[in-house]
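>
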Amino acid sequence: MLDLKKLQNNFDETVKKLKKKKIKDEVLKELNRLFVVLKEQKGELEKLQSEQNRKSKLFPVYLKEKKDISELKKELEENKQKITFKQKIVKDLEEELEIYALNIPNIPDDDVPIGEDENDNIELKKVLTPREFDFEPKQHWELGENLGWIDFERGVKLAKSRFSVLKSDAAKLERALINYMLDFNAKRGFNEVCVPYIVNKTSMLSTGQLPKFADDLFKIEGEELYLIPTAEVPLTNLYRDEILKENDLPILMTGYTACFRKEAGSAGRDTRGMIRQHQFDKVELVSITKPDQSDEVFDKMVECASDLLTSLELPHRLVMLCGGDLGFGAAKTIDLEVWLPGQNKYREISSVSNTRDFQARRAKIRFKDGKKNRLVHTLNGSSLAVGRTLIAIMENYQQKDGNILIPEVLKKYL
RNA sequence: GGACAGGUGGGUGAGCUGGCUGAAACCACAUCCCUGCUAAGGAUGCGUACUGGUAACGGUACCGAGGGUUCGAAUCCCUCCCUGUCCGCCA
57 MLDLKKLQNN
67 FDETVKKLKK
77 KKIKDEVLKE
87 LNRLFVVLKE
97 QKGELEKLQS
107 EQNRKSKLFP
117 VYLKEKKDIS
127 ELKKELEENK
137 QKITFKQKIV
147 KDLEEELEIY
157 ALNIPNIPDD
167 DVPIGEDEND
177 NIELKKVLTP
187 REFDFEPKQH
197 WELGENLGWI
207 DFERGVKLAK
217 SRFSVLKSDA
227 AKLERALINY
237 MLDFNAKRGF
247 NEVCVPYIVN
257 KTSMLSTGQL
267 PKFADDLFKI
277 EGEELYLIPT
287 AEVPLTNLYR
297 DEILKENDLP
307 ILMTGYTACF
317 RKEAGSAGRD
327 TRGMIRQHQF
337 DKVELVSITK
347 PDQSDEVFDK
357 MVECASDLLT
367 SLELPHRLVM
377 LCGGDLGFGA
387 AKTIDLEVWL
397 PGQNKYREIS
407 SVSNTRDFQA
417 RRAKIRFKDG
427 KKNRLVHTLN
437 GSSLAVGRTL
447 IAIMENYQQK
457 DGNILIPEVL
467 KKYL
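The numbering of the first sequence is our numbering, which starts it at 57 and goes up by one.
Structure, rendered in structure tokens:
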């Protein structure tokens with residue numbers, strides 16, 4: 057959530073910054089207006105309440121002195137009516153303000169490039185050179201079906217489209233990758249955590265999936281519970297409503313979970329193959345830091361994911377997302393895109409974001425900075441999307457005869 | 001899922017026959033003092049959010065959450081959530 061006081065004090069600047077995310081001025085203006093009006097109304101309400109409290113305390117005094125209380129009572133009854141009326145106004149304003157505030161995305165960092173969509177993202181660097189093939193490299197779904205590694209039809213039979221089944225070596229490889237990634241991240245100082253795959257509404261609100269992106273979530277019928285779209289949600293919410301000790305920061309975590317997404321806005325995209333599924337495995341990194349630590353930790357997380365790909369000898373590149381392509385909660389994001397020879401393209405395999413205090417404000421995650429409580433910064437990043445890593449291995453390690461070599465570092469995990 | 005018992009500040013835990021209780025006491029923590037030897041004594045401070053004020057210092061709200069009764073609720077009533085124990089079920 058935005059810092060509303062900041063919005064009030066630096067309105068023009070904030071508007072300018074949010075232009076990168078295509079937010080209309082009017083929305084911010086209305087938000088600001090509501091904020092100011094609410095403050096006014098609340099002030100008036102508090103005055104009334106103060107009077108009520110003060111005079112109520114006279115009751116026992118009057119009774120003791122055997123004074124007549126009927127006049128006092130009458131006054132208070134009248135004042136109470138005013139309070140009730142004012143309370144309604146304040147409550148309505150608060151609700152309206154919240155709807156506005158929760159739907160406004162995070163402010164991009166100053167170094168985030170201006171741009172419309174993924175075409176305006178900026179390539180930062182390439183790591184490893186794609187291999188030269190002396191044959192036409194196949195796409196992963198062709199390899200997968202030929203080897204009996206991926207069963208798309210039966211996945212659909214069990215659930216629906218965009219579900220698939222991994223078999224034999226692919227199933228083992230998936231599991232090996234998860235273990236390898238967790239171990240790799242642990243060596244970089246990220247502590248392994250195992251969390252629920254189902255979370256409540258408050259958790260989703262705190263990390264920003266709700267209220268805006270309800271359409272992309274699987275909701276449990278009859279309950280205020282949702283399947284997680286990423287481990288970022290439970291991992292970040294671990295510290296919701298807590299005031300952390302300064303010495304405990306930064307908190308670096310890694311965790312494996314399955315992830316569930318409706319992919320509501322992706323009809324027709326990547327329908328073939330395993331790139332975009334309703335359920336996929338992911339090993340995630342989440343960090344909670346002091347504000348002055350978050351840039352450093354961000355770099356560390358990007359480096360961790362990149363080195364992980366390098367260790368698997370998978371060529372990839374780092375891309376800085378432009379304002380238009382930035383996610384809702386992110387102030388800054390670097391994507392890692394892995395080379396897929398079958399598709400002859402780089403495809404996203406990891407996304408590392410710094411949300412600054414955006415999620416922290418919603419989730420009320422703070423730390424004691426001397427005497428004061430300050431909001432932390434939260435960061436998240438994939439390390440890595442496991443299914444896509446499997447695909448990348450299949451396409452990059454494929455042989456002319458259709459077999460797939462196993463990356464050196466994974467051998468001891470199989 | 002059923003029955004009962006509970007949910008109070010960082011922790012333990014009073015208050016719960018409604019008013020001077022934002023909340024005793026103890027512990028933990030912080031600063032200071034004393035003492036000197038490895039442990040103890042004393043003083044003070046110590047919830048969160050918003051809000052007024054340069055500040056000193058005030059105001060409002062919060063005792064699981066949301067409603068209600070009342071001039072006034074941590075205390076009474078209702079709904080929900082959670083925890084514990086026993087029973088049932090189960091990996």
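Ideal Cβ placement from N, Cα and C applies to all residues, glycine included.
As the structure is a prediction and not an experimental result, all values here were calculated from the model.
Does the region 301-320 come within contact of the region 267-278, defined as at least 3 CB pairs closer than 8 Å?
Verdict: yes, contact present.
> Within 10 Å of its beta-carbon, does residue 265 have 16 or more other beta-carbons around it, so buried, or fewer, so exposed?
Classification for residue 265: buried.
> Roughly how many whole angstroms lie between the Cα atoms of residue 463 and residue 151?
Going by the C-alpha atoms only, they are around 54 Å apart.
> Within a Cβ cutoff of 7 Å, which residues of the same chain sit near residue 170, ignoring the five residues on either side of it in sequence?
Taken in chain order, the residues that qualify are 76, 378, 379.
> Should the region 434-442 be called in touch with the region 169-185, which here means at least 3 C-beta pairs below 8 Å?
Result no; under three Cβ-Cβ pairs closer than 8 Å.
> Just the Cα atoms here: how many angstroms apart are residue 161 and residue 134?
If I take the Cα positions, the gap works out to 43 Å.
> Hey, residue 292 and residue 248: beta-carbon distance below 7 Å or not?
The answer is no: Cβ separation not under 7 Å.
> According to DSSP, is residue 205 part of a helix, a strand, or is it coil?
Coil.
> Within the same chain, show all residues whose beta-carbon is closer than 7 Å to that of residue 235, passing over the 5 residues directly before and after it, in chain order.
Here the set comprises 469.
> Within 10 angstroms of the Cβ of residue 325, are there 16 or more other Cβ atoms? Answer buried if so, exposed if not.
By the neighbour-count rule (16 or more Cβ atoms within 10 Å), residue 325 is not buried but exposed.
> Suppose contacts are defined by Cβ-Cβ distances below 7 Å. Is residue 402 in contact with residue 373 by that definition?
Yes, the pair counts as a contact, with Cβ atoms nearer than the cut-off.
> What residue from 63, 104, 97, 105 has the CA that sits closest to residue 86's CA?
It is 63 whose Cα lies nearest to the Cα of residue 86.
> Just curious, the alpha helix (DSSP H) that residue 360 is in, first and last residue?
Residues 350-367.
> Tell me which residues share the same chain as residue 125 and place their Cβ nearer than 6 Å to its Cβ, disregarding the 5 neighbours each side in the sequence.
Excluding sequence neighbours, residue 125 sits near 118.
> CB residue 156 to CB residue 238, shorter than 7 Å?
In this structure, residue 238 does not lie closer than 7 Å to residue 156 by Cβ.
> In the DSSP output, which residue or residues are listed as bridge partners for residue 374?
Answer is 181, 392, bridged to residue 374.
> Look at the alpha carbon of residue 421 and the alpha carbon of residue 339, and state the distance between them as a whole number of angstroms.
Roughly 23 Å separates the two Cα atoms.
> Could you pull the start and end residues of the beta strand (DSSP E) that residue 307 belongs to?
Its beta strand (DSSP E) spans residues 307-316.
> Please list the segments of the alpha helix (DSSP H) lying wholly inside the region 68-120, counting only runs of 4 or more residues, in order along the chain.
Taking only runs of at least 4 residues, the alpha helix (DSSP H) segments lying wholly in the region 68-120 are 81-112.
> In three-state terms, what does DSSP make of residue 336?
Residue 336: strand per DSSP, three-state reduction.
> Rounding to the nearest angstrom, what Cα-Cα distance links residue 335 and residue 110 in this structure?
Computed Cα separation, rounded: 59 Å.
> What's the C-alpha gap between residue 523 and residue 190?
For residue 523 there is no data in the structure shown, the boundaries of the chain being 57 and 470.
> Under the three-state reduction of DSSP, which class applies to residue 423: helix, strand or coil?
Three-state DSSP puts residue 423 in a strand.
> Among 177, 167, 217, whose alpha-carbon lies nearest the alpha-carbon of residue 322?
That would be 217, whose Cα lies nearest to the Cα of residue 322.
> Should residue 387 and residue 164 be called a contact, given that it needs their Cβ atoms to be closer than 7 Å?
In contact: residue 387 and residue 164 (Cβ atoms closer than 7 Å).
> Just the Cα atoms here: how many angstroms apart are residue 370 and residue 82?
Those two C-alpha atoms are separated by around 46 Å.
> Please classify residue 435 as buried or exposed, where buried requires at least 16 neighbouring CB atoms within 10 angstroms.
So residue 435 ends up on the buried side.
> Within 10 angstroms of its Cβ, does residue 354 collect 16 or more other Cβ (buried), or is it exposed?
Buried: at least 16 other Cβ atoms inside 10 Å.
> For residue 454, which residues from the same chain have a beta carbon less than 7 Å from its beta carbon, with the 5 sequence-adjacent residues on both sides left out?
Cβ within range, chain order: 193, 194, 199, 460.
> Alpha carbon to alpha carbon, how far is residue 221 from residue 240?
Looking at the two C-alpha atoms, the distance is approximately 26 Å.
> What residue does the beta strand (DSSP E) around residue 434 start on, and which one ends it?
Run containing residue 434: 433-441, per the beta strand (DSSP E) assignment.
> Go ahead and label residue 114 buried or exposed: buried means 16 or more other beta carbons lie within 10 angstroms of its beta carbon, across all protein chains shown.
Exposed, because fewer than 16 other Cβ atoms sit within 10 Å of the Cβ of residue 114.
> What does DSSP give as the partner residue(s) for residue 275 in the beta ladder?
Looking at the DSSP assignment, residue 275 forms a beta bridge with 282.
> At which residues does the beta strand (DSSP E) containing residue 17 begin and terminate?
The requested residue 17 does not occur in the structure, where the chain is confined to residues 57 to 470.
> Quick check on residue 66: buried or exposed, where buried means 16 or more other Cβ atoms within 10 Å of its Cβ?
Looking at its Cβ environment, which holds fewer than 16 other Cβ atoms inside 10 Å, residue 66 is exposed.
> Cα separation between residue 303 and residue 139?
Distance between the alpha carbons of residue 303 and residue 139 is about 45 Å.
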